[in-house]
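Numbering (this note's numbering), first residue to last: 3 to 319.
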């Protein structure tokens, strides 16, 4: 009997010890996870600080925001890396003013006709149905106080937040993602970083071919210095196109024959208001600690003096 009692006591003690060890192991894992997350957040903060520093230095170096600026290079920060441990921040800044801003669709609680037409032109250029553009415009309107729908929805902060809008599918958002953004306020398009599709949509009457030629010239080193520079090049591109159209017409057998073939005069687009510098950027990156990765996405606003602030940030994005 004594032996059995002793065995029971030993078994009970063993179970208690095993339970304590398991709890201790769980506690240690939780502490380790908390320490790792704290370290990752410190690395993310360092990455954000480096991104803001790059934007400040870029603003001091040149007035225009160009795609060849230092801000556009990949950000790799290993300053917090201790001996023997793999810790780093890797990320990249993206100019959001090189895109069509959905905030431009609404003005004083109403849809802005010019903004809607610009979005529809962009949709056509990237192969998205016009119904998608209309649905997006309505969603932006529904987030405005005093909207006719009566229901004020939260204003979207990113294109991804439009995924639940009726009539807007994932394929359409994927096509628009490179060319469209959502910013807190109305902005002008920076023609130094905008795609050919965005520029062609911005300028009524401008063909995608004309925009691509202009972008190719820009990316070869002829960056726009101001609004007037863009207007002058637009006029030159239009004049060259009209001259080419005139040569084609002179070589043809007559206007009637040209019209029968579908030849049309080249449009002479008017220069809209644009920008050559940017004040809005997204930082997409991640902190890496050994095998652990903590993603980050943040919107940064840069003031005219070069100082930038964090508008919003999402960890684990």
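Beta carbons are placed, not taken as given, at the ideal position from N, Cα and C, and that holds for glycine.
Asked: Cross-strand partners of residue 170 (DSSP beta bridge); Found: Paired residue(s): none; residue 170 is not in a bridge.
Asked: 7 Å Cβ shell around residue 256 - same chain, five flanking residues per side excluded; Found: For residue 256, the predicted structure reports a pLDDT of 42, less than 50, and the residue's modelled location is therefore unreliable. A value from the coordinates is still provided. Cβ neighbours of residue 256 beyond the five flanking positions: none.
Asked: Anticipated Cβ contact below 8 Å, residue 278 with residue 204, distance rounded; Found: Rounded, the Cβ-Cβ distance is 13 Å, inconsistent with contact.
Asked: Best match in 61, 57, 119 and 89 for proximity to residue 207 [C-alpha to C-alpha]; Found: 119
Asked: Host beta strand (DSSP E) of residue 301 (start-end); Found: 294-304
Asked: Interface flag, residue 56 vs chain B, CB-CB below 8 Å; Found: Going by chain labels, chain B is absent from the structure shown, which holds only one protein chain.
Asked: Which listed residue (43, 170 and 63) has its alpha carbon closest to that of residue 133; Found: 170
Asked: Same chain, Cβ closer than 7 Å to residue 248, five either side skipped, listed in chain order; Found: Unreliable placement is indicated for residue 248, whose pLDDT of 46 sits below 50; no coordinate value is reported for it.
Asked: Distance, residue 121 Cα to residue 260 Cα; Found: Note that residue 260 has pLDDT 38, beneath the 50 cutoff, so the model's placement of it is unreliable and the number below is only indicative. Distance between the alpha carbons of residue 260 and residue 121: 32 Å.
Asked: Nonlocal neighbours in the same chain, by C-beta distance under 7 Å from residue 216, ignoring five residues either side; Found: 201, 235 and 239
Asked: Beta-carbon contacts of residue 212 that lie in its chain and below 6 Å, excluding the five residues immediately before and after; Found: 239
Asked: Own chain, CB closer than 6 Å to residue 183, minus 5 neighbours either side, in chain order; Found: 98, 101 and 103
Asked: Three-state secondary structure assigned by DSSP to residue 134; Found: helix
Asked: Burial state of residue 49 (16 or more Cβ within 10 Å); Found: buried
Asked: Neighbour-count burial assignment, residue 227, 16 or more Cβ in a 10 Å radius; Found: exposed
Asked: Neighbourhood of residue 88 by C-beta, 6 Å cutoff - its chain only, sequence neighbours within 5 removed; Found: 292
Asked: Nearest candidate by alpha-carbon position, reference residue 285, set 65, 91, 221 and 41; Found: 91
Asked: Residue 53 vs residue 93 beta-carbon contact at 8 Å; Found: yes
Asked: C-beta atoms of residue 175 and residue 161 nearer than 8 Å; Found: yes
Asked: Same chain, Cβ closer than 7 Å to residue 78, neighbours up to 5 away in sequence not counted; Found: 90 and 92
Asked: Selected residue, minimal CA-CA separation from residue 196, among 69, 41, 4 and 55; Found: 69
Asked: Nearest neighbour of residue 190, chosen from 41, 297 and 67 [CA to CA]; Found: 67
Asked: Identity of the residue in 187, 136 and 126 nearest residue 177 by Cα; Found: 126
Asked: For residue 273, the nearest candidate out of 310, 233 and 221 (CA to CA); Found: 233
Asked: Continuous alpha helix (DSSP H) stretch holding residue 118: start and end; Found: 115-128
Asked: Reference residue 309, options 62, 46, 47 and 7, closest by Cα; Found: 62
Asked: Secondary structure, beta strand (DSSP E): runs of 3+ residues fully inside the stretch 165-221; Found: none
Asked: Sequence-distant residues of the same chain with beta carbon closer than 6 Å to residue 96, five excluded per side; Found: 284
Asked: Best match in 7, 172, 135 and 107 for proximity to residue 145 [C-alpha to C-alpha]; Found: 107
Asked: Residue 167 versus residue 17 - alpha carbon distance; Found: 55 Å
Asked: Beta strand (DSSP E) segment containing residue 68, residue limits; Found: Looking at the DSSP string, residue 68 is not in any beta strand (DSSP E), and its letter there is neither H nor E.
Asked: Close Cβ partners of residue 155 (< 8 Å) along its chain, the five nearest in sequence each way excluded; Found: 141, 144 and 145
Asked: Cβ neighbour criterion (16 or more within 10 Å) applied to residue 282; Found: buried
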